[in-house]
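A.B. asks: In short: position in the sequence shown from 1, add 203, done, that's the numbering used here.
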Amino acid sequence: MNREDIEFQGEGGATLRGWFYPAKDTSTPAPVIVLAHGLSCVKEMHLDDYAVVFAEAGLNVLVYDHQNFGDSDGTPRQEVDPVLQYRDFRNAITYATTRPEVDASKVGIWGSSFSGGHVLMVAAIDKRVKAVVSQVPFISGPRSLDRLVRPDFVAHTRAALEGDRLHRFTGGEPTMLPVVTPDPMGQAVMPSTEAYEWFSKTSADRAPNWKNEMTVRSLEMAGDYAPGSYISRIAPTPLLMIVAAGDVVAPFGLALDAYEEAREPKQIIVTQGGHFDAYTGPGFDECSAAAREHFVKHLCA
């Protein structure tokens, strides 16, 4: 499918880069879906596959890399700042609505994993959004860290965060931490075999510009971030949440708790499998079809 390389201004003036997929078989302005990826990921990690599914259904699609990652500008490199990222989601919406192919009154947003949390927050505060899909979402930093950081690593992690803050305060370069590790007992942002296998295979096959590192400060900022606390404010924007019953990266139970707080109209789909099964194979087919149907139903009527 044809796509256009695009760029637009993000928060703080950084240039963000991505792709625009025009809606297929349309001759008048059509709805647009804005997509961004999860923690440390770049757009080549299967967002193009989702974009094609949506574009073939008559939806324009805007895909981009977060500030500090992939093809987008921004420093420090490899730093996840959730405030910048959700604000850039809104900047991406603004850019999309300036395009002549786009019906600015019909905007949908889609996020997965960490950006699955962003879209909950953006949909709650930006009423330009008329439909939202949150896939295997990050709900709460404080509650996630309690589950993901092993008890014997807590003191070491806290010391690393405090040491990095002092180091940067005195002019030092950011300390880096691996995103994944082959050693499930090793220090990493996502110390699981499932995460290591997915990131290693996906980066090797299709995303050579992905880097297995993040700043230590990213972990601190993500740990403070709780986008799920906004979920009750999304209504009346239609919400679809897609969660995985075997998800240990973005804890399944937190997503279920958040969904109970959401107001109608809302829908939840529980898939079998783990956090990364939504990007390939039968899991991708199921998740992309559900998201497509949600957007078509609420944006193309």
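Where is the CB? At the ideal position from N, CA and C, for every residue including glycine.
1) Taking just the CA atoms, how far does proline 234 sit from aspartate 228?
2) Find the nearest neighbour of valine 256 within the set Lys500, His497, Cys503 and Ser491, judged by alpha-carbon distance.
3) Which residues in the same chain as valine 409 place their Cβ atom closer than 6 Å to its Cβ, once the five residues preceding and following it in sequence are excluded?
4) Within 10 Å of its beta-carbon, does phenylalanine 292 have 16 or more other beta-carbons around it, so buried, or fewer, so exposed?
5) Tell me whether leucine 281 is buried or exposed, calling it buried when 16 or more other Cβ atoms sit within 10 Å of its Cβ.
6) Taking the beta strand (DSSP E) that arginine 337 falls in, what are its first and last residues?
7) Count the other CB atoms within 10 Å of the CB of methionine 388; is the residue buried (16 or more) or exposed (fewer)?
8) Could you check the C-alpha separation between leucine 250 and threonine 360 for me, to the nearest Å?
9) Compare the C-alpha of glycine 509 against each of Gly273, His478 and Ala458 and name the closest.
10) Relative to the C-alpha of glycine 344, which candidate in Asp268, Asp427, Val325 and Arg290 has its C-alpha closest?
11) When burial is assigned at 16 or more other CB atoms within 10 Å of the CB, is methionine 393 buried or exposed?
12) Could you check if valine 237 is buried or exposed, using at least 16 other CB atoms within 10 Å of its CB as the buried criterion?
13) Tell me which residue opens and which closes the beta strand (DSSP E) that asparagine 263 is part of.
14) In chain order, which continuous runs of the alpha helix (DSSP H) of length 4 or greater are located wholly inside the region 347 to 410?
15) Please name the residue in Arg420, Gln338 and Glu400 whose C-alpha comes closest to that of alanine 363.
16) Short of 8 Å in beta carbon distance, which residues of its chain neighbour lysine 330, apart from the five on each side in sequence? Order them along the chain.
17) According to DSSP, is leucine 219 helix, strand or coil?
18) Using DSSP with H/G/I as helix, E/B as strand and the rest coil, what is glutamate 210?
19) Quick one: is glycine 319 near chain C, going by C-beta distance under 8 Å?
20) Can you tell me whether lysine 414 is helix, strand or coil according to DSSP?
21) In whole angstroms, what separates the C-alpha of leucine 443 from that of tryptophan 413?
22) How is lysine 500 classed by DSSP in three states: helix, strand or coil?
23) Alpha carbon to alpha carbon, what distance is there between threonine 231 and threonine 300?
24) Hey, how far is the Cα of tryptophan 401 from the Cα of aspartate 252?
25) For lysine 404, count the other beta carbons within 10 Å of its own beta carbon; 16 or more makes it buried, fewer makes it exposed. Which is it?
26) Measuring CB to CB, does arginine 466 end up less than 8 Å from alanine 260?
27) May I have the straight-line CA-CA distance separating proline 303 from lysine 469, to the nearest angstrom?
28) Helix, strand or coil: how does DSSP classify aspartate 306 here?
C.D. replies: Reading off the structure:
1) 13 Å
2) Closest option to valine 256, Cα to Cα, is Ser491.
3) Here residue 409 is arginine; the residue named in the question, valine, does not match the sequence. These residues qualify, in order along the chain: Glu247.
4) buried
5) Checking the sequence, you will find glutamine at residue 281 rather than leucine. By the 10 Å Cβ count, glutamine 281 comes out buried.
6) What sits at residue 337 in the sequence shown is serine, not arginine. Residues 332 to 338.
7) exposed
8) 32 Å
9) In the structure as shown, the chain begins at 204 and stops at 504. Residue 509 is therefore absent and cannot be evaluated.
10) Residue Asp427 holds the alpha-carbon nearest to the alpha-carbon of glycine 344 among Asp268, Asp427, Val325 and Arg290.
11) buried
12) Here valine 237 is buried, its C-beta having at least 16 other C-beta atoms within 10 Å.
13) 263 to 267
14) 357 to 372 and 396 to 409
15) Per the Cα distances, Arg420.
16) Correct list, in chain order: Thr440.
17) strand
18) strand
19) As a matter of chain content, chain C is missing from the structure shown, which is built from one protein chain.
20) Under the three-state reduction of DSSP output, lysine 414 falls in the coil class, being neither helix nor strand.
21) 29 Å
22) helix
23) Taking the CA atoms as reference points, threonine 300 sits about 14 Å from threonine 231.
24) 16 Å
25) exposed
26) No; because the gap between Cβ atoms is not below 8 Å, this pair is not in contact.
27) 31 Å
28) strand
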